[in-house]
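Peer 1: Residue numbers (my numbering), protein chains in the order written: chain H, 1 to 336; chain Z, 1 to 234.
Don't be surprised by glycine CBs; every beta carbon is placed ideally from N, CA and C.
As the structure is a prediction and not an experimental result, all values here were calculated from the model.
Once you've had a glance at the structure underneath, I'll fire off some questions.
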């Protein structure tokens, strides 16, 4: 019984949140990896893309709410999300037209494009604060829990409860659907295959008559959708604050690189590796241990390896280790 | 006039010319081979015919049409297939996907062409699900040639197809190239293995320093004592 309680405690405070966070990172890292594999640069504006898509979704959500529209037990933001994604698509395509296309035609080096994306990031940064402001926004509504801690306790008779928030369930479900759809698209459709070919061998792809403009456009569209979904899910689960989205860029990049920059499978794996290690290292194990060991051995301290303030340090430690041991990442990146 | 011909081509990558008044051409169903010492501009001549090089003088004609101004991609649409010397397959994609990408510009059903390629290179049918990057050098070249054939080109241009493969595989590849020519496709290729290549050539071009030195049938070039002495090692 105590062992079960320990497991439930671990699941409630560690596994479920880490799984949710991992999904959000995986979606974010997929966007980064997609741009890297097609356009060959690290897109620093990705975090802000997530923020922009989310901001657009929030504005629309508020409008829907003011019109009295609701999605039953699900958050209204899910209705607004496709339109938020559309706004992000338009923004990215416009940025490509104004900024990146010029450098691409000049055959600019990746580092130049990276710096350009940094500029784009600052522009988005200002744009977002201009539209929605720098404050913290909570925009989730509908039912709060799928299973609340109290229901769980009543069901199982355990003293520990396992709560699963609606947002967590949605996050996992949406991620599964989106990742499956993306892999299906890349593996089986003509356009998806042409994107893989382009990322594999650009010159040969051109020789085969693959239109680079189409490939690049589709890459931006997919990235905008992935970024918006990742941003909205993160915002629903926690809250929306533009600065947080700038910060989340760091673990997202760590996830993409750990998995192998350019490999979609790696991005997903990397997202979960980073999320689970961040949560595992900053988790306080005191109560879990308390259930397992005899009472006289129970620890007095929190048994927390690192304070949560250091969670970014965890992703970067993993990043450094992976870069030292296996620089191409776990799944050998470079191509789709 | 030949079916495909690059006439008095002069040009290079930068300001210095590599090709000087160089002419190479090929007929339908025939094999033309470009040979010559290292740095003679063989590959450059080939690239010039394919439009990967800006020509200062001269023109490229195909089937009586002037295609000098067309980009390589447009030439693919016109019926030219090109197999580069290196990085000529999509390494991360399966053999079958490589062939599908070769047929990317086609809107019609290309399964028949794929069957033709599999008939030509039976080993590819066996390995159709395997990533091209995991194949041996000779098999990779077969994928590369197969990919270029998927557009059903009228001209196939091969840049050193036998570079880095064993002599047995080379003979095998040359046999396949003869088979392809028999389908009525014009084949223009650059080769390091001059003797063997001229053996199967209907027409041979010996280039030296970007200019034509000898032009004749493959047989005649092989018989020419001067050519033998200077370029074929006696």
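1) Exposed or buried, residue 310/H, counting other C-beta atoms within 10 Å across all chains shown (16 or more means buried)?
2) Considering only DSSP beta bridges, list what residue 165/H is partnered with.
3) Could you pull the start and end residues of the alpha helix (DSSP H) that residue 213/H belongs to?
4) Three or more C-beta pairs under 8 Å: does that hold for the segment 132 to 139 of chain Z against the segment 177 to 196 of chain Z?
5) Which two residues bound the contiguous alpha helix (DSSP H) that contains residue 143/Z?
6) Consider the Cβ of residue 101/H: report whether some Cβ of chain Z lies at a distance smaller than 8 Å.
7) My guess is that residue 236/Z and residue 187/Z are in contact by the Cβ rule of under 8 Å, so how many angstroms apart are they, rounded?
8) Am I right that residue 90/Z and residue 80/Z are in contact with their C-beta atoms under 8 Å? What's the rounded C-beta distance?
9) So the candidates are 125/Z, 199/Z, 52/Z and 74/Z; which of them puts its Cα closest to the Cα of residue 139/Z?
10) Locate the beta strand (DSSP E) running through residue 9/Z, then write down its first and last residues.
11) When you compare the CB of residue 318/H with every CB in chain Z, is at least one pair closer than 8 Å?
12) Give a yes or no on whether the minimum CB-CB distance between residue 193/H and chain Z is below 8 Å.
13) Alpha carbons only, please: which of 308/H, 95/H, 56/H and 20/H is nearest the one belonging to residue 78/H?
14) Flag residue 90/Z as yes if its beta-carbon sits less than 8 Å from any beta-carbon of chain H, otherwise no.
15) Indicate whether residue 279/H and residue 270/H have their beta-carbon atoms separated by less than 8 Å.
16) List the whole-angstrom C-beta distance separating residue 20/H from residue 172/H, where the pair is believed to meet the contact cut-off of C-beta under 8 Å.
17) To the nearest angstrom, how far is the alpha carbon of residue 264/H from that of residue 313/H?
18) Which chain H residues are close to residue 95/Z, counting only those with a beta carbon under 9 Å from its beta carbon?
19) How far does the beta strand (DSSP E) with residue 32/Z in it extend, from its first residue to its last?
20) Measuring straight from C-alpha to C-alpha, what distance separates residue 290/H and residue 108/H?
21) When DSSP builds the beta bridges, which residues end up paired with residue 66/Z?
22) Using a threshold of 8 Å, state whether the C-beta atoms of residue 293/H and residue 160/H are closer than that.
23) Of the residues 126/H, 137/H and 168/H, which one's Cα is nearest the Cα of residue 144/H?
24) Can you find the residues in the same chain that come closer than 7 Å, C-beta to C-beta, to residue 207/Z, ignoring five residues on each side of it along the sequence?
25) Return the bridge partner residues of residue 304/H from the DSSP annotation.
26) Starting from residue 204/Z, follow its DSSP beta bridges and name the residues at the other end.
27) Please name the residue in 185/Z, 152/Z, 151/Z and 144/Z whose C-alpha comes closest to that of residue 239/Z.
28) Please identify, using Cβ separations under 8 Å, the residues of the segment 97 to 125 of chain Z that lie next to chain H, in order along the chain.
29) Is there a Cβ from chain Z that is less than 8 Å from the Cβ of residue 208/H?
Peer 2: Result, derived from the coordinates:
1) Against the first chain, residue 310/H aligns to sequence position 310. Residue 310/H comes out exposed.
2) Numbered from its first residue, the first chain carries residue 165/H at position 165. DSSP, once it has assigned bridges, lists 145/H as partnering residue 165/H.
3) If you number the first chain from 1, residue 213/H lands on position 213. Taken as a continuous stretch (DSSP letters only), the alpha helix (DSSP H) holding residue 213/H covers 212 to 237.
4) Put simply, the segment 132 to 139 of chain Z does not touch the segment 177 to 196 of chain Z. Fewer than three CB pairs are less than 8 Å apart.
5) Reading the second chain from its first residue, position 143 is the one you call residue 143/Z. Following the DSSP letters along the chain, one finds residue 143/Z inside the alpha helix (DSSP H) bounded by residues 137 to 149.
6) For this step, residue 101/H is matched to residue 101 along the first chain. By this cut-off, residue 101/H is not an interface position.
7) Residue 236/Z lies beyond the residue range present for chain Z, which begins at 1 and ends at 234; the question has no answer from this structure.
8) The residue given as residue 90/Z occupies position 90 in the second chain. The residue given as residue 80/Z occupies position 80 in the second chain. Incorrect: roughly 20 Å between the Cβ atoms, too far for contact.
9) Along the second chain, one-based indexing puts residue 139/Z at 139. Measuring from the Cα of residue 139/Z, the nearest candidate turns out to be 125/Z.
10) Along the second chain, read from residue 1 onward, the residue named residue 9/Z stands at position 9. For residue 9/Z, the uninterrupted beta strand (DSSP E) run begins and ends at 4 to 11, by DSSP.
11) Along the first chain, read from residue 1 onward, the residue named residue 318/H stands at position 318. Taking Cβ atoms only, chain Z never reaches closer than 8 Å to residue 318/H, which makes this a no.
12) Taking the first chain and counting its residues from 1, one reaches residue 193/H at position 193. Residue 193/H counts as touching chain Z.
13) Against the first chain, residue 78/H aligns to sequence position 78. Closest by alpha carbon: 56/H.
14) Taking the first residue of the second chain as 1, we reach residue 90/Z at position 90. So, interface residue.
15) One-based indexing of the first chain puts residue 279/H at position 279. One-based indexing of the first chain puts residue 270/H at position 270. No, the Cβ-Cβ distance between residue 279/H and residue 270/H is not below 8 Å.
16) Residue mapping note: residue 20/H aligns to position 20 of the first chain, counting from 1. Residue mapping note: residue 172/H aligns to position 172 of the first chain, counting from 1. Correct: roughly 7 Å between the Cβ atoms.
17) Locating residue 264/H in the first chain gives position 264, where the first residue counts as 1. Locating residue 313/H in the first chain gives position 313, where the first residue counts as 1. About 24 Å.
18) Taking the second chain and counting its residues from 1, the one referred to as residue 95/Z is at position 95. Among the residues of chain H, none has a CB under 9 Å from the CB of residue 95/Z; the nearest is roughly 13 Å distant.
19) Taking the second chain and counting its residues from 1, one reaches residue 32/Z at position 32. Its beta strand (DSSP E) spans residues 31 to 35.
20) The count along the first chain starts at 1 and reaches residue 290/H at position 290. The count along the first chain starts at 1 and reaches residue 108/H at position 108. One C-alpha to the other measures close to 58 Å.
21) Here residue 66/Z corresponds to residue number 66 of the second chain, with the count starting at 1. 61/Z.
22) Position 293 of the first chain holds residue 293/H. Position 160 of the first chain holds residue 160/H. Contact: no.
23) Translated into the one-based positions of the first chain, residue 144/H becomes position 144. For residue 144/H, the nearest C-alpha among the options comes from 168/H.
24) Your numbering for residue 207/Z matches position 207 in the second chain. Contacts found: 22, 34, 36, 40, 41, 42, 45 and 213.
25) Indexing the first chain from 1 puts residue 304/H at position 304. Paired residue(s): 284/H.
26) Taking the first residue of the second chain as 1, we reach residue 204/Z at position 204. Answer is 33/Z and 216/Z.
27) Outside the shown range of chain Z (1 to 234) lies residue 239/Z, about which nothing can therefore be said.
28) Result list: 97, 100, 101, 102, 104 and 105.
29) Working through the first chain from its first residue, we reach residue 208/H at position 208. Judged by the 8 Å Cβ criterion, residue 208/H is in contact with chain Z.
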